[in-house]
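Here the structure comes first, spelled out in C-alpha coordinates, and everything after it is commentary.
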Amino acid sequence: MHFASLLLLVSTILLASAAVLVSQVSPAANKQNGPFEWEKIPPNIWLRLETTGTPPRKVFHGASAIAPDRDEVFFFGADTHDTDYNNTVSRLNLKTLEWSQDYIPDPITDYALTSDGYAVTKSGRPWAMHTFDCWDYDPVARKLVAVGSPEHAAVAIAQLQQKGLLTAKPRAVTWLYDPDEKSWTLIRTNSPRLFAFALVWNPVHNEFIGHDGLATYHYDPKIKNWITRQAPSVPGWHRKMVFDTFASLVLTLGNDKGSDVLYSYDPNSFKWEVVKVNGKTLPGNGAALAYDTHNHVMLYLANDYHNQYDNPSGKSVTFIYESKTKTWKRLNVQSPDVYGMNYLTQYDPIHRVFLHFEKARDSGERLAVWTFRYQPK
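Position one of the sequence shown corresponds to residue 0 (numbering that gives the first Met the number 0), numbered consecutively onward.
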(Lines of atoms letter the chains of each structure in order from A and count residues from 1; the text may use other names and numbers.)
(Lines give C-alpha, C1' and ligand atoms only; values in the text may rest on other atoms or scores of the structure.)
Protein backbone atom coordinates (compact mmCIF):
# COMPACT_ATOMS: atom_id res chain seq x y z
CA MET A 1 0.00 0.00 0.00
CA HIS A 2 1.60 3.30 -1.10
CA PHE A 3 -0.62 5.66 0.86
CA ALA A 4 2.50 7.40 2.17
CA SER A 5 2.83 9.07 -1.23
CA LEU A 6 -0.57 10.66 -0.77
CA LEU A 7 0.23 11.85 2.75
CA LEU A 8 3.54 13.31 1.57
CA LEU A 9 1.72 15.16 -1.21
CA VAL A 10 -0.87 16.58 1.19
CA SER A 11 1.84 17.56 3.69
CA THR A 12 3.69 19.44 0.95
CA ILE A 13 0.51 21.34 0.07
CA LEU A 14 -0.08 22.19 3.73
CA LEU A 15 3.42 23.64 4.10
CA ALA A 16 3.06 25.62 0.89
CA SER A 17 -0.19 27.31 1.92
CA ALA A 18 -1.07 29.66 4.75
CA ALA A 19 -4.79 28.99 4.28
CA VAL A 20 -6.69 27.42 7.13
CA LEU A 21 -8.53 25.13 4.71
CA VAL A 22 -6.16 23.72 2.12
CA SER A 23 -7.58 22.84 -1.26
CA GLN A 24 -6.07 20.72 -3.99
CA VAL A 25 -7.39 18.04 -6.34
CA SER A 26 -4.66 15.42 -6.45
CA PRO A 27 -4.26 11.78 -7.52
CA ALA A 28 -4.03 9.40 -4.57
CA ALA A 29 -1.25 6.86 -5.02
CA ASN A 30 -3.30 3.93 -3.81
CA LYS A 31 -2.18 0.93 -5.85
CA GLN A 32 -2.29 -1.64 -3.11
CA ASN A 33 -1.92 -5.27 -2.18
CA GLY A 34 -4.63 -5.10 0.46
CA PRO A 35 -7.84 -3.16 1.17
CA PHE A 36 -7.76 0.55 0.53
CA GLU A 37 -7.10 2.49 3.75
CA TRP A 38 -10.03 4.88 3.74
CA GLU A 39 -9.32 5.94 7.31
CA LYS A 40 -6.21 7.77 6.07
CA ILE A 41 -8.15 10.12 3.81
CA PRO A 42 -7.53 13.62 5.24
CA PRO A 43 -10.49 15.95 5.88
CA ASN A 44 -11.77 18.87 3.82
CA ILE A 45 -9.82 18.27 0.64
CA TRP A 46 -10.93 16.67 -2.62
CA LEU A 47 -8.63 13.82 -3.68
CA ARG A 48 -8.72 11.95 -6.94
CA LEU A 49 -8.36 8.19 -6.50
CA GLU A 50 -6.48 5.84 -8.74
CA THR A 51 -8.53 2.76 -9.69
CA THR A 52 -7.89 -0.51 -11.51
CA GLY A 53 -9.92 -2.30 -14.17
CA THR A 54 -11.80 -0.48 -16.93
CA PRO A 55 -14.13 2.27 -15.71
CA PRO A 56 -17.44 2.68 -17.55
CA ARG A 57 -17.93 5.69 -19.79
CA LYS A 58 -19.55 8.74 -18.26
CA VAL A 59 -23.28 8.42 -18.93
CA PHE A 60 -24.93 11.83 -18.89
CA HIS A 61 -28.37 10.32 -18.14
CA GLY A 62 -27.11 7.44 -15.96
CA ALA A 63 -27.10 6.96 -12.20
CA SER A 64 -25.11 5.36 -9.41
CA ALA A 65 -26.30 3.65 -6.23
CA ILE A 66 -24.11 2.86 -3.25
CA ALA A 67 -24.46 -0.37 -1.28
CA PRO A 68 -22.49 0.40 1.91
CA ASP A 69 -22.94 -3.08 3.40
CA ARG A 70 -21.38 -4.55 0.26
CA ASP A 71 -18.62 -1.95 -0.10
CA GLU A 72 -19.70 -1.40 -3.70
CA VAL A 73 -21.14 1.30 -5.93
CA PHE A 74 -23.37 0.23 -8.84
CA PHE A 75 -23.92 2.08 -12.12
CA PHE A 76 -26.79 1.68 -14.58
CA GLY A 77 -28.19 3.83 -17.38
CA ALA A 78 -27.49 4.80 -20.97
CA ASP A 79 -27.73 7.92 -23.09
CA THR A 80 -29.46 6.13 -26.05
CA HIS A 81 -29.67 9.32 -28.16
CA ASP A 82 -26.93 8.06 -30.47
CA THR A 83 -25.06 4.77 -30.23
CA ASP A 84 -25.00 4.25 -26.45
CA TYR A 85 -27.29 1.25 -25.93
CA ASN A 86 -25.32 -0.33 -23.09
CA ASN A 87 -27.73 -2.05 -20.67
CA THR A 88 -25.11 -3.62 -18.42
CA VAL A 89 -24.48 -2.91 -14.73
CA SER A 90 -21.00 -1.75 -13.74
CA ARG A 91 -19.63 -1.68 -10.23
CA LEU A 92 -16.72 -0.26 -8.25
CA ASN A 93 -15.38 -2.36 -5.36
CA LEU A 94 -14.58 0.06 -2.55
CA LYS A 95 -12.18 -2.35 -0.85
CA THR A 96 -9.94 -2.75 -3.88
CA LEU A 97 -11.00 0.25 -6.00
CA GLU A 98 -11.41 -2.13 -8.92
CA TRP A 99 -13.99 -1.65 -11.69
CA SER A 100 -15.93 -4.54 -13.21
CA GLN A 101 -18.87 -5.15 -15.53
CA ASP A 102 -21.58 -7.63 -14.52
CA TYR A 103 -22.50 -8.96 -17.98
CA ILE A 104 -22.07 -8.32 -21.68
CA PRO A 105 -24.65 -5.77 -22.93
CA ASP A 106 -27.53 -7.14 -25.00
CA PRO A 107 -27.45 -6.24 -28.71
CA ILE A 108 -30.19 -3.87 -29.79
CA THR A 109 -31.48 -6.58 -32.14
CA ASP A 110 -32.55 -8.47 -28.99
CA TYR A 111 -34.79 -5.65 -27.78
CA ALA A 112 -38.47 -6.61 -27.66
CA LEU A 113 -41.79 -5.85 -26.00
CA THR A 114 -43.75 -8.28 -23.87
CA SER A 115 -47.38 -8.94 -24.72
CA ASP A 116 -48.36 -6.54 -21.93
CA GLY A 117 -46.13 -3.72 -23.19
CA TYR A 118 -42.92 -3.92 -21.15
CA ALA A 119 -39.53 -3.22 -22.77
CA VAL A 120 -37.48 -6.38 -22.16
CA THR A 121 -34.53 -7.94 -23.98
CA LYS A 122 -34.56 -11.59 -25.04
CA SER A 123 -32.36 -12.36 -22.03
CA GLY A 124 -34.93 -10.86 -19.64
CA ARG A 125 -33.16 -7.59 -18.91
CA PRO A 126 -34.29 -3.96 -19.22
CA TRP A 127 -33.47 -2.07 -22.37
CA ALA A 128 -30.71 0.50 -22.19
CA MET A 129 -32.47 3.62 -20.92
CA HIS A 130 -32.05 6.95 -19.16
CA THR A 131 -32.21 6.28 -15.44
CA PHE A 132 -31.63 9.84 -14.23
CA ASP A 133 -31.95 9.55 -10.41
CA CYS A 134 -34.24 6.49 -10.47
CA TRP A 135 -31.73 3.79 -9.52
CA ASP A 136 -31.21 3.07 -5.82
CA TYR A 137 -30.31 0.39 -3.28
CA ASP A 138 -32.63 -1.49 -0.93
CA PRO A 139 -30.45 -2.34 2.11
CA VAL A 140 -33.09 -4.68 3.55
CA ALA A 141 -33.40 -6.93 0.50
CA ARG A 142 -29.77 -6.16 -0.49
CA LYS A 143 -30.91 -5.57 -4.05
CA LEU A 144 -31.20 -2.58 -6.39
CA VAL A 145 -34.28 -0.99 -7.90
CA ALA A 146 -34.63 0.87 -11.21
CA VAL A 147 -37.84 2.69 -12.10
CA GLY A 148 -38.57 4.27 -15.45
CA SER A 149 -39.12 3.69 -19.14
CA PRO A 150 -36.98 3.92 -22.31
CA GLU A 151 -38.66 7.11 -23.55
CA HIS A 152 -35.62 8.26 -25.54
CA ALA A 153 -34.48 4.89 -26.90
CA ALA A 154 -35.22 6.19 -30.39
CA VAL A 155 -33.26 3.61 -32.38
CA ALA A 156 -34.80 0.65 -30.56
CA ILE A 157 -38.30 2.11 -30.78
CA ALA A 158 -37.93 2.83 -34.51
CA GLN A 159 -36.69 -0.73 -35.06
CA LEU A 160 -39.85 -2.18 -33.52
CA GLN A 161 -42.09 0.30 -35.33
CA GLN A 162 -40.62 -0.74 -38.68
CA LYS A 163 -41.47 -4.34 -37.85
CA GLY A 164 -45.01 -3.40 -36.83
CA LEU A 165 -44.33 -4.53 -33.27
CA LEU A 166 -44.90 -1.23 -31.48
CA THR A 167 -48.32 0.38 -31.29
CA ALA A 168 -47.80 2.36 -28.06
CA LYS A 169 -44.79 3.54 -26.09
CA PRO A 170 -43.39 1.01 -23.58
CA ARG A 171 -44.99 0.92 -20.16
CA ALA A 172 -43.36 2.40 -17.08
CA VAL A 173 -41.69 -0.37 -15.13
CA THR A 174 -40.09 -1.28 -11.82
CA TRP A 175 -37.04 -3.54 -12.08
CA LEU A 176 -35.29 -5.44 -9.28
CA TYR A 177 -31.59 -6.26 -9.71
CA ASP A 178 -29.82 -8.99 -7.73
CA PRO A 179 -26.11 -8.10 -7.58
CA ASP A 180 -25.17 -11.58 -6.34
CA GLU A 181 -26.87 -13.43 -9.19
CA LYS A 182 -26.34 -10.53 -11.62
CA SER A 183 -29.92 -10.99 -12.74
CA TRP A 184 -32.99 -8.80 -13.28
CA THR A 185 -36.61 -9.34 -12.25
CA LEU A 186 -39.43 -7.35 -13.85
CA ILE A 187 -41.98 -6.33 -11.21
CA ARG A 188 -45.42 -6.21 -12.79
CA THR A 189 -46.99 -3.49 -10.70
CA ASN A 190 -48.52 -0.02 -11.02
CA SER A 191 -45.23 1.78 -11.69
CA PRO A 192 -45.16 5.59 -11.99
CA ARG A 193 -43.58 7.06 -15.12
CA LEU A 194 -40.55 8.56 -13.41
CA PHE A 195 -38.65 9.36 -16.59
CA ALA A 196 -36.34 12.34 -15.86
CA PHE A 197 -37.32 12.39 -12.20
CA ALA A 198 -36.02 11.03 -8.87
CA LEU A 199 -36.11 8.12 -6.44
CA VAL A 200 -34.73 7.80 -2.91
CA TRP A 201 -34.68 5.17 -0.16
CA ASN A 202 -36.52 6.10 3.05
CA PRO A 203 -34.69 4.28 5.89
CA VAL A 204 -37.34 5.22 8.45
CA HIS A 205 -40.15 3.30 6.73
CA ASN A 206 -38.02 0.96 4.58
CA GLU A 207 -39.61 2.19 1.39
CA PHE A 208 -38.71 4.00 -1.82
CA ILE A 209 -40.07 7.46 -2.54
CA GLY A 210 -40.37 8.75 -6.10
CA HIS A 211 -41.27 12.27 -7.18
CA ASP A 212 -42.02 14.01 -10.49
CA GLY A 213 -42.89 17.49 -9.25
CA LEU A 214 -46.64 16.90 -9.59
CA ALA A 215 -47.16 13.90 -7.32
CA THR A 216 -45.17 11.71 -4.92
CA TYR A 217 -45.04 7.92 -5.01
CA HIS A 218 -44.31 5.46 -2.21
CA TYR A 219 -43.13 1.92 -3.02
CA ASP A 220 -43.21 -0.88 -0.46
CA PRO A 221 -40.71 -3.56 -1.62
CA LYS A 222 -42.36 -6.22 0.54
CA ILE A 223 -45.73 -6.02 -1.19
CA LYS A 224 -44.37 -4.63 -4.49
CA ASN A 225 -46.95 -1.88 -4.74
CA TRP A 226 -46.85 1.85 -5.48
CA ILE A 227 -49.11 4.32 -3.66
CA THR A 228 -49.63 7.74 -5.25
CA ARG A 229 -49.85 10.76 -2.96
CA GLN A 230 -51.20 14.05 -4.30
CA ALA A 231 -48.12 15.85 -3.05
CA PRO A 232 -46.63 18.32 -5.57
CA SER A 233 -43.58 20.52 -5.17
CA VAL A 234 -42.82 22.38 -8.42
CA PRO A 235 -42.96 21.08 -12.02
CA GLY A 236 -39.67 20.25 -13.71
CA TRP A 237 -37.38 17.47 -14.93
CA HIS A 238 -33.82 16.59 -13.90
CA ARG A 239 -34.32 16.13 -10.19
CA LYS A 240 -32.12 14.60 -7.53
CA MET A 241 -33.30 13.56 -4.06
CA VAL A 242 -31.50 12.63 -0.85
CA PHE A 243 -32.80 11.60 2.57
CA ASP A 244 -32.08 13.95 5.45
CA THR A 245 -31.49 11.64 8.45
CA PHE A 246 -31.40 14.56 10.91
CA ALA A 247 -34.93 15.76 10.13
CA SER A 248 -36.27 12.52 8.56
CA LEU A 249 -37.19 14.43 5.42
CA VAL A 250 -36.53 14.03 1.70
CA LEU A 251 -34.58 16.93 0.18
CA THR A 252 -34.45 18.00 -3.46
CA LEU A 253 -32.77 20.90 -5.21
CA GLY A 254 -32.83 21.89 -8.87
CA ASN A 255 -34.77 21.06 -12.02
CA ASP A 256 -34.47 21.57 -15.77
CA LYS A 257 -35.15 25.30 -15.39
CA GLY A 258 -32.17 25.68 -13.06
CA SER A 259 -33.23 26.40 -9.48
CA ASP A 260 -31.55 27.11 -6.15
CA VAL A 261 -34.75 26.55 -4.14
CA LEU A 262 -34.46 23.71 -1.63
CA TYR A 263 -37.61 21.64 -1.04
CA SER A 264 -38.30 19.13 1.73
CA TYR A 265 -40.87 16.32 1.87
CA ASP A 266 -42.34 14.83 5.03
CA PRO A 267 -43.13 11.13 4.39
CA ASN A 268 -45.53 11.12 7.32
CA SER A 269 -47.69 14.10 6.37
CA PHE A 270 -47.11 13.65 2.60
CA LYS A 271 -46.36 17.34 2.08
CA TRP A 272 -43.62 19.28 0.29
CA GLU A 273 -42.55 22.73 1.41
CA VAL A 274 -39.86 25.27 0.57
CA VAL A 275 -37.04 25.20 3.11
CA LYS A 276 -36.32 28.64 4.52
CA VAL A 277 -32.55 28.54 4.34
CA ASN A 278 -29.76 30.77 5.56
CA GLY A 279 -27.15 31.65 2.98
CA LYS A 280 -27.14 31.12 -0.78
CA THR A 281 -26.13 28.43 -3.22
CA LEU A 282 -25.95 28.10 -7.01
CA PRO A 283 -28.84 26.82 -9.18
CA GLY A 284 -29.01 23.12 -9.96
CA ASN A 285 -30.19 21.14 -12.99
CA GLY A 286 -29.56 17.45 -12.41
CA ALA A 287 -27.67 18.45 -9.27
CA ALA A 288 -24.81 16.40 -7.79
CA LEU A 289 -26.10 15.90 -4.24
CA ALA A 290 -25.26 13.44 -1.47
CA TYR A 291 -26.15 13.33 2.23
CA ASP A 292 -23.63 12.77 5.04
CA THR A 293 -25.48 10.73 7.67
CA HIS A 294 -22.65 11.17 10.20
CA ASN A 295 -22.42 14.97 10.18
CA HIS A 296 -26.01 15.50 9.00
CA VAL A 297 -25.06 17.70 6.08
CA MET A 298 -25.81 17.59 2.37
CA LEU A 299 -22.99 18.11 -0.09
CA TYR A 300 -23.80 19.93 -3.32
CA LEU A 301 -21.15 19.94 -6.04
CA ALA A 302 -22.48 22.82 -8.12
CA ASN A 303 -21.62 23.72 -11.70
CA ASP A 304 -19.75 27.02 -11.68
CA TYR A 305 -21.20 27.96 -15.07
CA HIS A 306 -24.25 29.76 -16.43
CA ASN A 307 -25.65 26.50 -17.88
CA GLN A 308 -25.99 23.89 -15.13
CA TYR A 309 -27.21 21.23 -17.59
CA ASP A 310 -24.19 21.37 -19.90
CA ASN A 311 -20.99 22.79 -18.45
CA PRO A 312 -18.05 22.40 -20.88
CA SER A 313 -15.74 24.25 -18.49
CA GLY A 314 -15.91 21.46 -15.92
CA LYS A 315 -15.62 24.08 -13.17
CA SER A 316 -17.49 23.46 -9.92
CA VAL A 317 -18.01 24.77 -6.40
CA THR A 318 -18.49 22.70 -3.23
CA PHE A 319 -21.39 23.68 -0.96
CA ILE A 320 -22.50 22.15 2.34
CA TYR A 321 -26.07 22.40 3.64
CA GLU A 322 -26.33 21.88 7.39
CA SER A 323 -29.64 20.29 8.39
CA LYS A 324 -29.65 21.51 11.99
CA THR A 325 -29.28 25.20 11.12
CA LYS A 326 -30.70 25.04 7.57
CA THR A 327 -27.63 26.90 6.40
CA TRP A 328 -25.70 26.83 3.11
CA LYS A 329 -21.93 27.19 3.32
CA ARG A 330 -19.55 27.52 0.38
CA LEU A 331 -16.32 25.65 1.10
CA ASN A 332 -12.95 27.15 0.27
CA VAL A 333 -11.68 24.05 -1.54
CA GLN A 334 -10.59 23.30 -5.07
CA SER A 335 -13.43 21.18 -6.44
CA PRO A 336 -13.39 18.30 -8.95
CA ASP A 337 -14.74 18.31 -12.48
CA VAL A 338 -18.47 18.52 -13.15
CA TYR A 339 -19.71 18.78 -16.74
CA GLY A 340 -23.36 19.57 -16.15
CA MET A 341 -26.04 17.11 -15.07
CA ASN A 342 -24.65 14.44 -12.72
CA TYR A 343 -26.54 11.74 -10.77
CA LEU A 344 -23.41 9.91 -9.64
CA THR A 345 -22.30 11.55 -6.37
CA GLN A 346 -22.68 9.38 -3.24
CA TYR A 347 -21.94 9.30 0.48
CA ASP A 348 -20.31 6.23 2.01
CA PRO A 349 -21.48 5.96 5.65
CA ILE A 350 -19.05 3.13 6.43
CA HIS A 351 -15.90 5.06 5.51
CA ARG A 352 -17.52 8.46 6.11
CA VAL A 353 -16.51 9.98 2.80
CA PHE A 354 -18.26 11.46 -0.21
CA LEU A 355 -17.60 9.85 -3.58
CA HIS A 356 -17.86 11.79 -6.81
CA PHE A 357 -17.83 10.15 -10.24
CA GLU A 358 -17.30 12.16 -13.41
CA LYS A 359 -15.17 12.07 -16.52
CA ALA A 360 -11.92 14.02 -16.30
CA ARG A 361 -9.98 15.79 -19.00
CA ASP A 362 -7.43 12.98 -18.97
CA SER A 363 -9.81 10.00 -18.56
CA GLY A 364 -10.87 9.50 -22.17
CA GLU A 365 -14.60 9.98 -21.45
CA ARG A 366 -14.46 7.28 -18.75
CA LEU A 367 -15.29 7.83 -15.10
CA ALA A 368 -12.72 9.17 -12.69
CA VAL A 369 -13.26 9.00 -8.92
CA TRP A 370 -12.81 11.70 -6.29
CA THR A 371 -13.36 11.51 -2.55
CA PHE A 372 -13.99 14.12 0.15
CA ARG A 373 -14.18 13.70 3.92
CA TYR A 374 -16.11 16.55 5.51
CA GLN A 375 -15.05 17.68 8.96
CA PRO A 376 -16.93 20.61 10.51
CA LYS A 377 -14.83 23.38 12.00
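For glycine and all other residues, C-beta sits at the position ideal for the given N, C-alpha and C.
Note that this is a predicted model, so its numbers are computed, not measured.
In this structure, Phe356 sits near Ser63, with a CB-CB distance shorter than 8 Å. DSSP, read as helix, strand or coil, puts Gln158 in helix.
Here Lys142 carries a strand assignment [DSSP, helix/strand/coil].
Between the region 149-159 and the region 93-103 there are fewer than three inter-stretch CB-CB distances shorter than 8 Å, so the stretches are not counted as touching. Excluding sequence positions up to five before and after Pro335, its CB lies within less than 6 Å of the CB of Val24, Trp45, His355, Trp369, all in the same chain and listed in chain order.
At the C-beta level, Lys57 and Glu321 stay beyond 8 Å of one another. If you draw a 10 Å sphere on the C-beta of Asn284, you find 16 or more other C-beta atoms in it, and that means buried. Each of Gly339, Arg90, Gly116 was checked against the Cα of Asn302, and the nearest Cα belongs to Gly339. The beta carbon of His80 is closer than 8 Å to those of His151, Ala153 in its chain, skipping five residues each way along the sequence. Counted as a single uninterrupted DSSP element, the beta strand (DSSP E) harbouring Asn92 occupies residues 89-92.
Ala127 is a Cβ neighbour of Ala77, given a cutoff of 8 Å. Taken through DSSP and simplified to helix, strand or coil, Pro67 comes out as helix. Across the structure, Asp68 and Ala140 are spaced so that their CA atoms are roughly 12 Å apart.
With a contact defined as Cβ atoms closer than 8 Å, Thr292 and Tyr216 miss out at about 23 Å.
For Val368, the uninterrupted beta strand (DSSP E) run begins and ends at 366-371, by DSSP. Under the 8 Å Cβ criterion, the region 129-144 does not count as touching the region 104-119, having fewer than three qualifying pairs.
For Gln307, the CB contacts under 8 Å within the same chain, skipping 5 residues up- and downstream, are Gly253, Gly257, Leu281, Pro282, Gly283, Asn284, Gly285, Ala286, Ala301, Gly339, Met340 in chain order. Excluding residues up to 5 positions away in sequence, Leu248 lie with their Cβ nearer than 7 Å to the Cβ of Asp265 in the same chain. Secondary structure of Ala127 (DSSP, three-state): coil. Counting along the chain, Glu150 sits inside no beta strand (DSSP E), nor does DSSP assign it H or E at all. The Cβ-Cβ distance between Pro104 and Asn85 falls below 8 Å. With a threshold of 16 other beta carbon atoms within 10 Å, Tyr102 falls short and is exposed.
By DSSP's assignment, Trp45 forms no beta bridge with any residue. In this structure, DSSP gives Glu357 an extended state, which the three-state scheme calls strand. Around the beta carbon of Ser114, a 10 Å sphere encloses fewer than 16 other beta carbons of the protein chains shown; the residue is thus reported as exposed.
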